[in-house]
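In what follows, a single structure is set out as structure tokens and then discussed.
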Amino acid sequence: MRVLFIQPESTMHERMGLMYLSSNLKAKNHEVHMILADGYGPEGLIEEVERFQPDIVGYSVMTSELETVLAINSVLKSSKYSFLSVFGGPHPTFATDEMIQRDGVDALCVGEGDLAFPDFCDRVERGEEFWKTSNFVVNYEGKVFKNPIGPLVENLDDLLFPDREIMYKADPGLRENGRKMFFGSRGCPYLCTYCFNAEYNKMTKDQGDIMRHRSPENLIEEVLQVKEHYPLNTVWVDDDTFLIKPKGWIAKFCELLKVKVGLPFDINIRPDLVKDEVISDMKEGGLNSIWMGVECGDEEIAGRVLKRHTPNTRIYRAADVLRKHKVKFVTQNMMGLPVEQSFKTDLKTLDFNIALGPTYAWSSILYPFPGTEVYRYALEHGYLETKEVPILQTTRVSTSLKFSSKEEARRVENLHKLFGIIVNFPFLRKYCEVLCELPLTRVYGVFYYLWYGYSLKIKLDSFVSIRKEATGFIGVFFRMLRKT
Ligand code: B12
Ligand code: SF4
């Protein structure tokens, strides 16, 4: 089979899901190619597809990308060229019933595709009943076939390393980026209402362990291969919660990374799992920076609406430990919660962050993703006009919730843009309420992205080559602004 993956544009990060799929498909002798659609106009895209002659076109879809991806697929479906369109990733997994009805959608992969997608392609190739593949929902001859989810990949060491070459060929800017993404584990057992994990764990109940870990040796082997072939200056292990690991795993990983690779690493954690000794050992092993969910400074709302039950005193303690060991840390926060006084709640989050003193305070605006508990909460409590949440291309611009007034929505959207800057320059705090009243959301949006880019590349990480990486970043900056 010839499989073509199409991504709308560069997101300046590897799409690990597609890279894993590509390795698995190639191992079964399928031919795989990937392109970014924004390099072609509609005709150019059709020409490119006709040149590669795919049997299957695959798309990986986050909710924010849905409409763009469907538009690309429609262009191709309206050409003379005939193919099967297959969609996977979080949106098809959680909005299956709605998405399978959309024009031009032939099949959806629900959950992990590592084993299921090669099976699907094999069946198509052999002329077997591909509409009966596990993990797939297929629209076949006008009838929808919904198949059960099969077992989760049990031993992650059995997976082939992700096919980076296919990604870096399609998106050469990524090759130059020295901070490259890896995964050491899959899964997270927590119940945060805005995240996909809680629902995903329900869907895959009885299909294997939620938490699965690669061995440190297997992960380091991949890092070494990447270091040999591509620019690499920071190993970014993007596990949902890095500190959930089997006993001895972190010590072994740090030891191997230090001895065999000799590069710093970045991770995501939950503050309630921070312990002095672990941070000290990781710092010794090359820990560069940590991304840590704070989300909401009002403990009651954090617990009730988001199911984040970490007391603020515990988060303070985690920040103290990180500062003591001179670990750079980013707090992740959410503005615009579905509560009566949303802006006031966000101000509490702001003040809490000022007290925490992070290297950078990242913020997003809550978007109730389909299938999540917070989506149902927002609907039940009157914060959504209809069941259909408007699909936003980015969750960094505006709120999709219905607040008491337009002014309240504007305050929330403005604070979201100014949040990180005020946390790092607390003297601005006394002007905050006034600044948030002004109709300057777009201007603040420019500041937001400038501060974000500066914090990411200057405060937190370093360049392998300023000239090569900067070009990519400037491109992304203007694309973000366009969306803003
Ligand atoms: C790395 C990452 C990113 C990266 C890369 C995105 C990506 N999708 O790869 C970047 C930085 C770009 C990103 C951005 C955002 N992200 Co993000 N991100 C992640 C993260 C942490 C890991 C993704 C990953 O690589 N997983 C590992 C791989 C192996 O799994 P996978 O991608 O799911 O792929 C598997 C299956 O889904 C399936 N599959 C996937 N694609 C396809 C395609 C086909 C054809 C088939 C058959 C199968 C298939 O097979 C794969 C292998 O098993 C996930 C959380 C998570 N743990 O998954 C959130 C996640 C995807 N992100 C999320 C969000 C909310 C965002 C942002 C909106 C955040 C923000 N506020 O800005 C932005 C969106 C930016 C935009 N362009 O619009 C949500 C998405 C929810 C949703 N319904 O869309 C997630 C699920 C986290 C969460 N909190 O729930 N993100
Ligand atoms: S801890 Fe993080 S990854 Fe885990 S469920 Fe909560 S938000 Fe999701």
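Mapped onto the working numbering, the consecutive letters of the sequence shown carry residue numbers 8 to 491.
Quick reminder that beta carbons are idealized off the backbone N, C-alpha and C, glycines included.
Only a predicted model underlies this, so the values are computations on that prediction, with no experimental measurement involved.
Determine the DSSP secondary structure at residue i, reduced to helix, strand or coil.
i, result
"ASP213", "coil"
"ASN80", "helix"
"GLU302", "strand"
"PHE203", "helix"
"MET19", "coil"
"ASN225", "helix"
"TRP237", "Per the sequence shown, residue 237 should be read as Tyr rather than Trp. Three-state result, TYR237: coil."
"GLN66", "Before going on, a small fix: residue 66 reads as Tyr here, not Gln. It is a strand residue."
"VAL266", "helix"
"GLN108", "coil"
"SER462", "helix"
"CYS195", "coil"
"ASN208", "helix"
"SER89", "coil"
"VAL230", "helix"
"GLY294", "Rather than Gly, the amino acid found at residue 294 in this sequence is Leu. Reduced to three states, the DSSP call for LEU294 is strand."
"PHE498", "The requested residue 498 is not part of the displayed model; the chain covers only 8 to 491."
Between the alpha carbons of residue i and residue j, how many angstroms are there, rounded?
i, j, result
"ARG219", "ASN162", "7 Å"
"TYR456", "THR393", "31 Å"
"LYS335", "THR366", "6 Å"
"ILE42", "ILE79", "12 Å"
"VAL145", "GLY118", "14 Å"
"MET485", "ASN31", "According to the sequence as given, residue 485 is Phe; it is not Met. For PHE485 and ASN31, the distance between alpha carbons rounds to 35 Å."
"VAL419", "ASN295", "32 Å"
"ASP247", "ILE276", "7 Å"
"THR140", "GLN214", "16 Å"
"THR379", "ALA205", "8 Å"
"GLY364", "GLN339", "13 Å"
"LEU354", "ASP279", "23 Å"
"PHE143", "LEU115", "6 Å"
"ASP178", "HIS236", "16 Å"
"LEU28", "TYR175", "15 Å"
"GLY304", "CYS202", "18 Å"
"HIS37", "ASP110", "27 Å"
"LEU122", "LYS464", "36 Å"
"ASP126", "ARG133", "11 Å"
"SER407", "TYR374", "6 Å"
"GLU229", "THR448", "43 Å"
"LEU231", "VAL68", "30 Å"
"PHE432", "SER462", "13 Å"
"LYS314", "PRO345", "13 Å"
From which residue to which residue does the beta strand (DSSP E) around residue i run?
i, result
"ASP273", "272-276"
"ILE156", "No beta strand (DSSP E) holds ILE156; DSSP gives it neither H nor E."
"MET41", "38-43"
"LYS187", "186-189"
"PHE12", "9-14"
"LEU115", "114-116"
Under the assumption that residue i contacts residue j (Cβ atoms under 8 Å), give the Cβ distance between them as a whole number of angstroms.
i, j, result
"THR75", "PRO15", "5 Å"
"MET188", "ASP245", "5 Å"
"ALA325", "VAL285", "About 11 Å; that fails the 8 Å criterion."
"ILE63", "PHE90", "6 Å"
"LEU357", "VAL430", "7 Å"
"LEU83", "ILE53", "6 Å"
"TYR384", "THR200", "7 Å"
"ASN240", "ARG186", "7 Å"
"VAL396", "PRO377", "7 Å"
"ILE372", "HIS423", "5 Å"
"MET26", "ASP170", "5 Å"
At which residues does the alpha helix (DSSP H) containing residue i begin and terminate?
i, result
"ARG315", "Element bounds for ARG315: n/a, residue is neither H nor E."
"HIS98", "97-101"
"VAL56", "49-59"
"VAL285", "283-291"
"GLU183", "179-183"
Using a beta-carbon distance below 7 Å, is residue i in contact with chain C?
i, result
"ARG315", "Reference to chain C is not applicable here, since this structure consists of a single protein chain."
With a threshold of 6 Å (Cβ to nearest heavy atom), would residue i be considered close to ligand 3?
i, result
"MET106", "In terms of ligand content, the structure shown lacks ligand 3 and carries ligand 1 and ligand 2 instead."
- [ ] Let me know the alpha helix (DSSP H) ranges lying completely inside the region 402-457, each 4 residues or longer, listed in chain order.
- [x] 413-431 and 439-444
- [ ] Can you check the region 331-403 for any alpha helix (DSSP H) of at least 4 residues that lies completely inside it and give the ranges in chain order?
- [x] 349-363 and 380-387
Task: Ranges of the alpha helix (DSSP H) found wholly within the region 120-172, counting only runs of at least 4 - done: 123-133
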